[in-house]
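A.B. asks: Take a look at this one; I'll ask things after.
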Amino acid sequence: MNQIVMTGMVLSTAPVGEYDRRVVILTKEQGKIAAFAKGSRRPNSPLAGAVNPFTFGEFTMYEGRSSYTIQSANILNYFPELREDMIGAYYGFYFLEFTNYYTKEFNDEREMLKLLYQTLKALSNKHIPDRLIRYIFELKAYCINGEGPDVFQCVVCGDKERPSVFSVKKGGLVCCECCGDVIDGVRLEQSTLYSMQYIESSKIEKLYTFTVTDKVMEQLAKVLDRYREVYVEKSFKSLEILETLL
1 MNQIVMTGMV
11 LSTAPVGEYD
21 RRVVILTKEQ
31 GKIAAFAKGS
41 RRPNSPLAGA
51 VNPFTFGEFT
61 MYEGRSSYTI
71 QSANILNYFP
81 ELREDMIGAY
91 YGFYFLEFTN
101 YYTKEFNDER
111 EMLKLLYQTL
121 KALSNKHIPD
131 RLIRYIFELK
141 AYCINGEGPD
151 VFQCVVCGDK
161 ERPSVFSVKK
171 GGLVCCECCG
181 DVIDGVRLEQ
191 STLYSMQYIE
201 SSKIEKLYTF
211 TVTDKVMEQL
221 AKVLDRYREV
231 YVEKSFKSLE
241 ILETLL
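In our numbering, the protein residues as written are 1 to 246.
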């Protein structure tokens with residue numbers, strides 16, 4: 001069997017047999033992979049604390065014919081602050097579940113891995129509301145995966161000057177000349193539109209550097225909650241728990 005080292009973050013774990021775990025890791029090298037951590041449920045296992053959700057590090061594995069087996073892990077970050085904040089932790093679990101849904105095996109997922117890492121770091125910054133972190137994460141994730149709304153021009157004719165409304169069904173802005181059949185149009189505050197444009201166009205490292213007013217937050221919530229309902233064919237258990245807690 002070949003020994004390889006991959007850098008990534010644990011998205012989820014599940015028990016297998018009496019002492020083992022099946023671990024899903026989003027890696028820089030291979031996209032999303034599944035691996036077995038044998039004996040990791042034993043209290044004295046060196047892998048016991050290394051294969052939990054949120055763990056980011058370098059994983060040494062053996063590659064078998066149909067699966068990977070984790071031999072050791074060099075933990076670089078495990079976001080301990082999330083263990084002390086139940087609400088923050090469930091935001092984090094939602095980001096992990098959302099990422100798990102959108103990523104694929106043997107795909108280039110470096111941008112999603114970077115987004116996830118920076119997002120979890122942002123949760124420890126009390127100057128940025130968790131709710132805003134959520135909407136920034138969702139919108140940027142849609143863009144990385146080619147499903148982001150067009151917030152720079154009319155999705156029908158490409159006009160950038162005329163007054164427009166945002167239509168979830170149309171997938172972005174629709175100008176006043178093209179909106180005759182739009183039934184879900186929302187006229188965005190200029191600050192809301194600027195915020196969405198900034199999120200879509202900025203590098204991931206620059207995303208979590210601003211806050212918004214309550215009015216802008218409510219518009220982001222309305223637009224992005226509806227966007228998720230229309231374009232994401234999954235209900236997230238972690239989000240249901242989070243909304244119950246809130």
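Beta carbons are placed, not taken as given, at the ideal position from N, Cα and C, and that holds for glycine.
Being a predicted model, the structure only gives us computed values, none of them experimental.
(1) Since I believe residue 123 is in contact with residue 140 (beta carbons under 8 angstroms), could you give me their beta-carbon distance rounded to a whole number of angstroms?
(2) Quick one: give me the first and last residue of the beta strand (DSSP E) that residue 24 is part of.
(3) On the DSSP letters alone, give me the boundaries of the alpha helix (DSSP H) that residue 223 sits inside.
(4) According to DSSP, simplified to helix, strand and coil, what is residue 15?
(5) If you draw a straight line from the alpha carbon of residue 43 to that of residue 49, how long is it in whole angstroms?
(6) Checking 7 angstroms against the spacing of the C-beta atoms, do residue 45 and residue 21 come in under that value?
(7) Please report the straight-line C-alpha distance between residue 245 and residue 165, rounded to a whole angstrom.
(8) Where does residue 3 sit, in a helix, a strand or coil, going by DSSP?
(9) Note down, in chain order, each residue of its chain lying with its Cβ closer than 8 angstroms to the Cβ of residue 218, except the 5 sequence neighbours on either side.
(10) From the DSSP secondary-structure annotation, give me the bridge partner or partners of residue 166.
(11) Can you give me the Cβ contacts of residue 167 inside the same chain, cut-off strictly under 7 angstroms, excluding the 5 residues immediately before and after it?
(12) With the cut-off set at 7 angstroms, would you say residue 176 and residue 154 are in Cβ contact?
(13) According to the neighbour-count rule (16 or more other Cβ atoms, all chains shown, within 10 Å of its Cβ), is residue 76 buried or exposed?
(14) How many angstroms separate the CA atom of residue 38 from the CA atom of residue 47?
(15) Among residues of its own chain, excluding the 5 on either side of residue 238, which ones have a beta-carbon nearer than 7 angstroms to its beta-carbon?
(16) Would you check if there are 3 or more beta carbon pairs closer than 8 angstroms linking the segment 76-86 to the segment 14-32?
(17) Under a three-way DSSP split, which group does residue 68 fall into?
(18) For the segment 133-148 and the segment 194-206, state whether three or more C-beta atom pairs, one from each stretch, are separated by less than 8 angstroms.
(19) I think residue 71 touches residue 86, with their Cβ atoms under 8 angstroms apart; what is that distance to the nearest whole Å?
C.D. replies: So, from the listed chains and residues:
(1) For the purposes of this step, residue 140 is taken as residue 140 along the sequence shown, with counting starting at 1. For the purposes of this step, residue 123 is taken as residue 123 along the sequence shown, with counting starting at 1. Actually they are not in contact, since the Cβ atoms of residue 140 and residue 123 sit about 15 angstroms apart, beyond 8 angstroms.
(2) Reading the sequence shown from its first residue, position 24 is the one you call residue 24. From DSSP, the beta strand (DSSP E) with residue 24 extends over 20-27.
(3) On the sequence shown, residue 223 is found 223 positions in, with the first residue counted as 1. Residue 223 -> alpha helix (DSSP H) spans 214-231.
(4) As a first step, residue 15 must be located in the sequence shown, where it is residue number 15. Strand at residue 15.
(5) Position 43 of the sequence shown holds residue 43. Position 49 of the sequence shown holds residue 49. Cα-Cα distance, rounded: 9 angstroms.
(6) Within the sequence shown, the letter at position 45 stands for residue 45. Within the sequence shown, the letter at position 21 stands for residue 21. Not closer than 7 angstroms, so no.
(7) The residue labelled residue 245 in the question sits at position 245 within the sequence shown. The residue labelled residue 165 in the question sits at position 165 within the sequence shown. The alpha-carbon atoms of residue 245 and residue 165 are separated by roughly 33 angstroms.
(8) Indexing the sequence shown from 1 puts residue 3 at position 3. Note: residue 3 maps to strand in three-state DSSP.
(9) The sequence position of residue 218 within the sequence shown is 218, counting from 1. Taken in chain order, the list of residues that qualify is empty.
(10) Numbered from 1 along the sequence shown, position 166 holds the residue referred to as residue 166. 173, 186, per the DSSP bridge assignment.
(11) Position 167 of the sequence shown holds residue 167. So the list reads 174, 182, 184, 185, once near-sequence residues are dropped.
(12) The sequence position of residue 176 within the sequence shown is 176, counting from 1. The sequence position of residue 154 within the sequence shown is 154, counting from 1. Between residue 176 and residue 154, the CB-CB gap reaches or exceeds 7 angstroms.
(13) The residue given as residue 76 occupies position 76 in the sequence shown. Burial call: exposed.
(14) Along the sequence shown, read from residue 1 onward, the residue named residue 38 stands at position 38. Along the sequence shown, read from residue 1 onward, the residue named residue 47 stands at position 47. Computed Cα separation, rounded: 8 angstroms.
(15) Start at 1 with the first residue of the sequence shown, and residue 238 comes out as number 238. The residues are 90, 93, 94, 97.
(16) no
(17) By one-based count along the sequence shown, residue 68 stands at place 68. Reduced to three states, the DSSP call for residue 68 is strand.
(18) yes
(19) Translated into the one-based positions of the sequence shown, residue 71 becomes position 71. Translated into the one-based positions of the sequence shown, residue 86 becomes position 86. Between residue 71 and residue 86 a beta carbon distance of about 33 angstroms is seen, past the 8 angstroms cut, so the two are scored as non-contacting.
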